[in-house]
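Below: the structure, in structure tokens.
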Amino acid sequence: MSGRMIVRRLGGGVLVLWLVSLVTFLMVQLIPGDPAQVIAGENASAADVERIRERLGLDRPVIEQYLTWLFGVLRGDLGRSLFTDRPVTSTILLAAPPTLALAVAAIVVAVLVGVTAGVLAGLAQGSWLDRAISSLATLGIAMPSFWVAMLLVSVFALGLGWFPATSYAPMSRGLGTWASHLVLPAVALGLATAAELARHTRGCVADVLTRPYVRTARARGATTGWLVRRHILRNAAIPVVTVLGLQTGRLLGGTIVIEAVVGISGLGTLAVNSVLQRDYPVIQGYVLFCAAVVVLINLIVDLTYGWINPKVRTA
Amino acid sequence: MTAAVQQETAPARRSRTRVLREVLRKPAAAVSIGYVLLLVVLAIGGRWIAPHDPDVQDLGNRFAGPSLEHWFGTDDFGRDVASRIINAAAVTISAPAISVGIAVAIGLPLGLWAAVRGGWVDAITGRLADTVLALPALVGALAIVAVLGPGLVTTMIAVGIIFSPAIFRVVRGAALAVTEETFIRAADAVGSSRRRTLWVHVLPNIAAPLLVQTTILMGVALLVEASLSFLGLGVQPPDASWGSMLKAAYANQFDAPYAVVPPGIAMVLTVLAFNTIGDAIRDAVGLRRRT
């Protein structure tokens, strides 16, 4: 990928982030009625309403509010929580590790399960294994991740006791403890992505197998294992990266419900509580954070294409 | 000349029954359509069909297991779970339907506008779509619910707004492809007004991709709304959806661990049905699989 292309993609990403920030800023302005009154609650005293109005700067002109807010965001200052009075930035950074660990673990599960299933199905097209994997993939896409999480917790944590049922253990408590807490939620969250990956990988394997160079390699006596390593996995890397890029948002959104099921106090829990408490600075910070992650991942995906497939580099 | 132009569009119209026949020929799709129709019947006539009154409590019979009397057992108030699932079907099905309707109401006109006008209209609407798409569906819905306040209606609006870019993109893409066709240029040449061209020639030809997209979105919308209800931001008691039933069932998982199964299975089957119908229509009209 040329330098010019990278600059253009970066510019597009920055533009989208700026638009998201604009919409995020407008969230408070768009609250029906008087925002300060709504946030303070129906029974709040006039003094409380005024205090909130002043804290959010709602008494100043909108343009001034926006510029103050925007320059704050650019310096990494997202304001203070209306409830804890702590800076939003540090609140989000404190809540982020469990959520990001969950999302990354889900990606690992999705790639391991999805690519393996897809390659197996692609190599054995038309067999019972292929049909079974296709049916399971269709089912996997239709299952709500939070329901899967409930079932996994019921069976493997409460029933069999193989895994802890709730909460997140930081890595400082040992890698084993950390991983054992992550297994069930990561499987639940990653399952639908695995199903999507399996479908695309299968299609890619089926496509590669029809190529003349594969026939040539077979004629020269190449084993299936060699084919998988040398040609199939390399070609499958592109749909895998594409699907993962498209699924980032789904995975990030999915952490909200999974956290609620498993009782992880991460970003999702923070966001839901903030919505229920009408803690707008925190919600705004969360929305911006999620958008930044999605834009960043898409940028990385674009750059990865050039690295995987030299043909794209000049495009 | 008009006759010639009409002949050009005729295939799009005649093929409608052919598409339906082809979809119904697939057993999975036929079963799915039957299942969705059954759900619609349950949603409308649930009150009369349900074996028990979904709201009658029997506190002496809480968390009863499945029996002939109560197929799926009873919940934390001793209410019949099967009847409650049937009763909640109405909200569970109509909420995503209204959301997708809102998404079409926003995305269809904007998509057509962007495709026909091009230029700055296309640039601005495209950027707006990118902006909404930069947010994960659930995060965006959460943000809108934060503004409008929790509840069933605001959830439906939120999901509708979040899904409008998906409709917008499909409509814009299909409309752009159609405007390249010769019969559109022919219509232009014979002096057909822009509005007439849009209604008579463009709309029928984007119907297929739009139908596929709305069917698939029904399943996704159902999952997003179930998630919001599970989080306590969507359907509020005493109303119930399968999502809010799961929330209640999960809160009582120690007393009745199997209670999360029936609403979940109902949800999986419904999403599966919409996905199957969407895939079948896509195959029947010869569109490429989504990537």
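Quick note, the sequences are listed as chains L and Z, same order. Take the first sequence: its letter number 49 is residue 49 in UniProt numbering, and every next letter is one higher. Take the second sequence: its letter number 138 is residue 138 in UniProt numbering, and every next letter is one higher. Using N, Cα and C, we set each Cβ at its ideal position, and we do this for glycine too. Computed from a predicted model, the values in this text were never measured in an experiment.
Contact between the segment 90-106 of chain Z and the segment 218-232 of chain Z is present: 3 or more CB-CB pairs across the two stretches fall below 8 Å.
With its beta carbon less than 8 Å from one in chain Z, residue 249/L belongs to the interface.
Among the CB atoms of chain Z, one or more fall inside 8 Å of the CB of residue 147/L. If one requires a minimum length of 4 residues, the alpha helix (DSSP H) runs lying completely within the segment 203-236 of chain L are 212-219 and 224-227, in chain order.
In the DSSP assignment, residue 118/Z falls outside any alpha helix (DSSP H), carrying neither H nor E.
Contacts between residue 290/L and chain Z, judged by CB atoms closer than 8 Å, involve 135, 136 and 139 in chain order. Residue environment: residue 199/L is assigned as buried (16 or more neighbouring CB atoms within 10 Å of its CB, all protein chains considered). Closest option to residue 80/Z, judged by alpha-carbon separation, among 57/Z, 254/Z and 95/Z: 57/Z.
If you draw a 10 Å sphere on the C-beta of residue 125/L, you find fewer than 16 other C-beta atoms in it, and that means exposed.
Between residue 148/Z and residue 257/L, the C-beta spacing is not below 8 Å.
As for any alpha helix (DSSP H) of minimum length 4 sitting wholly inside the segment 118-189 of chain Z, the runs are 119-133, 137-148, 152-179 and 182-189, ordered along the chain. Looking only at 89/Z, 158/Z and 207/Z, the smallest Cα-Cα distance to residue 47/Z is reached by 89/Z. The shortest C-alpha to C-alpha distance from residue 193/Z to any of 248/Z, 44/Z, 168/Z and 116/Z is the one to 116/Z.
Listed along chain L are 142, each with a C-beta nearer than 8 Å to that of residue 219/Z.
Taking 8 Å as the threshold, the shortest C-beta distance from residue 134/L to chain Z does not fall below it.
DSSP, read as helix, strand or coil, puts residue 87/L in strand. At a beta-carbon threshold of 9 Å, none of the residues of chain L lie near residue 252/Z; the nearest stands roughly 12 Å away. For residue 44/Z, the enclosing alpha helix (DSSP H) starts and ends at 27-49. For residue 283/Z, the enclosing alpha helix (DSSP H) has its first and last residue at 261-284. Looking only at 295/L, 108/L, 41/L and 301/L, the smallest Cα-Cα distance to residue 12/L is reached by 295/L. Residue 39/Z does not reach chain L, its nearest Cβ partner there being about 15 Å away, counting only Cβ pairs nearer than 7 Å. With a beta-carbon spacing of about 7 Å, residue 102/L and residue 266/L fall inside the 8 Å limit used to define contacts. For residue 5/L, the enclosing alpha helix (DSSP H) begins and ends at 3-30.
Straight across, the Cα-Cα distance linking residue 53/L with residue 270/Z is about 46 Å.
With a cutoff of 8 Å on beta-carbon distance, residue 237/L and residue 308/L are scored as near each other. Rounded to the nearest angstrom, the gap between the Cα atoms of residue 141/L and residue 276/Z is 11 Å. Interface annotation, residue 176/Z: not in contact with chain L, CB-CB separation never under 8 Å.
CA-to-CA, the gap between residue 218/L and residue 211/L works out to about 11 Å. Selection 287/L, 118/L, 145/L and 144/L evaluated against residue 132/L yields 118/L as nearest (Cα-Cα). Contact between the segment 19-27 of chain L and the segment 286-301 of chain L is present, with at least three C-beta pairs closer than 8 Å. Residues of the segment 223-241 of chain Z whose Cβ lies closer than 7 Å to any Cβ of chain L, in chain order: 223, 226, 227, 230, 231 and 233.
Sixteen is the threshold: since fewer than 16 other Cβ atoms of the shown chains lie within 10 Å of the Cβ of residue 29/L, the residue is exposed. If you draw a straight line from the Cα of residue 143/Z to the Cα of residue 25/Z, it is about 43 Å long. Taking the Cα of residue 182/Z as reference, the smallest distance to any Cα among 54/Z, 202/Z, 284/Z and 260/Z is reached at 202/Z. For secondary structure counted as the alpha helix (DSSP H) over 4 or more consecutive residues, the segment 93-128 of chain L holds no complete run.
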